[in-house]
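*Asks:* Residue numbers (our numbering), protein chains in the order written: chain A, 1 to 97; chain B, 1001 to 1376. Beta carbons: idealized from backbone N, C-alpha and C, even for Gly. First the structure, which I've put down as structure tokens, then a few questions once you've had a look.
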Ligand code: SF4
Ligand code: SF4
């Protein structure tokens, strides 16, 4: 089952995920599932870090001036990260963090 | 665009598979022990030094550390060390023979977050296991598993080194793991430590390697293998797991006295990159040791260059070649295209592992009768 980012709405990084910068982007580690995931573009890392400040993925990418050519790949990457539980949907009402 | 494998070959900013052996002390005397453990080394890191190592790993964002030994639970400060790690964001996966996991210890372990436990056995029955790990070690390991299950630890791991004797028991081992809700992990026997003496009789035969490959194609998604079996990829479709030698690139070892080696299976001066007690600590060793810089250079395929399978198999495991006296840029001693046997025949000497903490009497006996694996 593929998650479609367009319908996911507000997103954030899972609180138990650590991101470690690497020359190619970053390594994400999920402490709950022990999953290690590669983020293979430095700007994708910026997007993931900024998700919680915007209403959805598209507005995050607008705010960060992500090039058109990267948007498709980043949407797929974020969908994969969502499937891995690295990125989760955010409930703005209840979410105070 | 460079592949992820290429990026990993150039090394990461911090290891992702860091093994930290806390002590050379061990109550068992397994014939294949990769670190020739037995006696504690008087120079082992103190509690304060161990805590400082964890703090440094946290700063480097090493997400988890594989703790082993020796038998790590023999350190009196074992719980102090793992408590400090898991509460500061450095997860712990630790390997034990299970001797010290009684009801109390199991409860204590079950109460901790970010902790994985791995119990080692080397066969699906007492006879097969005890041949390698010593008499009574099967019962001990099963008691530890029972204690973890009773304490509701959750999914622990059962770790098996694949040998000529147990390679036919993989299905039975899966059944045992399933019965506990545990995860099976199988790894390759490498000729490191005391394993250098026993590898020649214990490593799987060519036919067994082919069976193992097909078993992994079928069941590989149910077992963990790390980087153990990529040399088998030369047989066809690639297996799940890390398909490269990560030594000094994504893998390394901190030994009980703080020495940093390229991988847990190359405890030898030639692969010693530095010590965590050196100025700059572990980070300086990881980032600037000459040895690691060399290992992160593109390697040459050497005698494997003419082999069509090189991309799939990468020439196999550096440690296996080193301790069998083979050139590092040539075929693996267990090369599935049949080049290992010839290379082994041509190798006249092999380097000896240069740390030996085996308990004296037991080791003398093992060295004197290398053909007799049993302890009867
Ligand atoms: S030397 Fe062998 S065991 Fe060590 S990292 Fe390389 S492939 Fe793995
Ligand atoms: S010759 Fe080298 S590359 Fe070819 S299968 Fe053997 S070890 Fe692998």
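Below 8 Å, is the gap between the Cβ of residue 1337 of chain B and the nearest heavy atom of ligand 2?
*Replies:* As a first step, residue 1337 of chain B must be located in the second chain, where it is residue number 337. Flag set: Cβ of residue 1337 of chain B near ligand 2.
*Asks:* With three or more beta-carbon pairs closer than 8 Å as the criterion, would you say the stretch 1075–1094 of chain B touches the stretch 1016–1032 of chain B?
*Replies:* In short, these stretches touch, since the Cβ pair count reaches three.
*Asks:* If contact means a Cβ-Cβ distance below 8 Å, which residues of the stretch 7–32 of chain A contact chain B?
*Replies:* Listed by position along the chain: 18, 20, 21, 22, 23, 24, 27, 29, 31.
*Asks:* Going by CA-CA distance only, name the one from B/1302, B/1287, B/1303 that's closest to residue 1296 of chain B.
*Replies:* Locating residue 1296 of chain B in the second chain gives position 296, counting from the first residue. Minimum Cα distance to residue 1296 of chain B is reached at B/1287.
*Asks:* Quick one: does residue 1363 of chain B have its CB under 9 Å from some CB of chain A?
*Replies:* Position 363 of the second chain, counted from the start, is the residue given in the question as residue 1363 of chain B. With a pLDDT of 46 at residue 1363 of chain B, under the threshold of 50, the modelled position of that residue is not reliable, and no figure is offered here.
*Asks:* Quick check on the burial criterion: 16 or more other C-beta atoms within 10 angstroms. Buried or exposed for residue 1169 of chain B?
*Replies:* As a first step, residue 1169 of chain B must be located in the second chain, where it is residue number 169. Its Cβ being crowded by 16 or more others within 10 Å, residue 1169 of chain B is buried.
*Asks:* Alpha carbon to alpha carbon, how far is residue 20 of chain A from residue 28 of chain A?
*Replies:* By one-based count along the first chain, residue 20 of chain A stands at place 20. By one-based count along the first chain, residue 28 of chain A stands at place 28. Residue 20 of chain A and residue 28 of chain A: Cα-Cα distance of roughly 6 Å.
*Asks:* Could you check if residue 1005 of chain B belongs to the surroundings of ligand 2, using beta carbon to heavy atom distance under 8 Å?
*Replies:* Start at 1 with the first residue of the second chain, and residue 1005 of chain B comes out as number 5. Incorrect: residue 1005 of chain B has no Cβ contact closer than 8 Å to ligand 2.
*Asks:* Can you check DSSP and say which residues form a bridge with residue 30 of chain A?
*Replies:* Mapped onto the first chain, residue 30 of chain A falls at position 30. In the DSSP output, where bridge partners are listed per residue, residue 30 of chain A has A/17, A/35.
*Asks:* If we call anything under 9 Å between Cβ atoms a contact, is residue 948 of chain B one with residue 1282 of chain B?
*Replies:* Examination of residue 948 of chain B is not possible in this model, given that chain B is present from 1001 through 1376 alone.
*Asks:* Is it true that the CB of residue 1276 of chain B sits closer than 9 Å to the CB of residue 1247 of chain B?
*Replies:* On the second chain, residue 1247 of chain B is found 247 positions in, with the first residue counted as 1. On the second chain, residue 1276 of chain B is found 276 positions in, with the first residue counted as 1. No, the Cβ-Cβ distance between residue 1247 of chain B and residue 1276 of chain B is not below 9 Å.
*Asks:* Between the Cα of residue 1068 of chain B and the Cα atoms of B/1106, B/1018, B/1293, B/1051, which residue gives the shortest distance?
*Replies:* Within the second chain, numbered from 1, the residue matching residue 1068 of chain B stands at position 68. Comparing Cα-Cα distances from residue 1068 of chain B to each of B/1106, B/1018, B/1293, B/1051, the minimum goes to B/1018.
*Asks:* Hey, would you say the C-beta of residue 1304 of chain B is under 8 Å away from at least one heavy atom of ligand 2?
*Replies:* On the second chain, position 304 is the one that residue 1304 of chain B refers to. Correct: residue 1304 of chain B has its Cβ closer than 8 Å to ligand 2.
*Asks:* My assumption, with CB atoms under 8 Å, is that residue 1130 of chain B sits in contact with residue 1167 of chain B. Please give the rounded CB distance.
*Replies:* If you number the second chain from 1, residue 1130 of chain B lands on position 130. If you number the second chain from 1, residue 1167 of chain B lands on position 167. The Cβ separation is near 17 Å, so there is no contact.
*Asks:* What residues in its chain sit with their C-beta under 8 Å from that of residue 87 of chain A, if we drop five residues either side in the sequence?
*Replies:* Counting from one through the first chain, the residue named residue 87 of chain A turns up at place 87. For residue 87 of chain A, where only same-chain residues beyond five positions count, the Cβ hits under 8 Å are 11, 12, 13, 14, 48, 51, 78, 81.
*Asks:* Could you round the C-beta distance between residue 1004 of chain B and residue 34 of chain A to whole angstroms and report it? I think they count as a contact, below 8 Å.
*Replies:* Along the second chain, read from residue 1 onward, the residue named residue 1004 of chain B stands at position 4. Along the first chain, read from residue 1 onward, the residue named residue 34 of chain A stands at position 34. Going by Cβ atoms, the distance from residue 1004 of chain B to residue 34 of chain A rounds to 19 Å, so no, they are not a contact pair.
*Asks:* Based on the DSSP secondary-structure assignment, which residues constitute the bridge partners of residue 1259 of chain B?
*Replies:* Translated into positions along the second chain, residue 1259 of chain B becomes position 259. According to DSSP, which records beta bridges pairwise, residue 1259 of chain B is partnered with B/1275.
*Asks:* Report the rounded CA-to-CA distance for residue 1035 of chain B versus residue 1237 of chain B, giving the unit in angstroms.
*Replies:* The residue labelled residue 1035 of chain B in the question sits at position 35 within the second chain. The residue labelled residue 1237 of chain B in the question sits at position 237 within the second chain. In a straight line, the C-alpha of residue 1035 of chain B is about 33 Å away from that of residue 1237 of chain B.
*Asks:* Output, in chain order, the set of chain B residues within a Cβ distance shorter than 9 Å of residue 99 of chain A.
*Replies:* This structure cannot settle anything about residue 99 of chain A, because the visible part of chain A is limited to 1 through 97.
*Asks:* Taking three-plus beta-carbon pairs below 8 Å as touching, is the stretch 1190–1204 of chain B in contact with the stretch 1136–1143 of chain B?
*Replies:* The answer is no - the stretch 1136–1143 of chain B does not touch the stretch 1190–1204 of chain B, with fewer than three Cβ pairs under 8 Å.
*Asks:* How would you call residue 1163 of chain B, buried or exposed, if buried means at least 16 neighbouring beta carbons within 10 angstroms?
*Replies:* For the purposes of this step, residue 1163 of chain B is taken as the residue at position 163 of the second chain. With 16 or more other Cβ atoms within 10 Å, it is buried.
*Asks:* Give the single residue among B/1301, B/1026, B/1222 whose Cα lies nearest to the Cα of residue 1360 of chain B.
*Replies:* Here residue 1360 of chain B is taken as the residue at index 360 of the second chain, counted from 1. Cα-wise, what sits closest to residue 1360 of chain B is B/1026.
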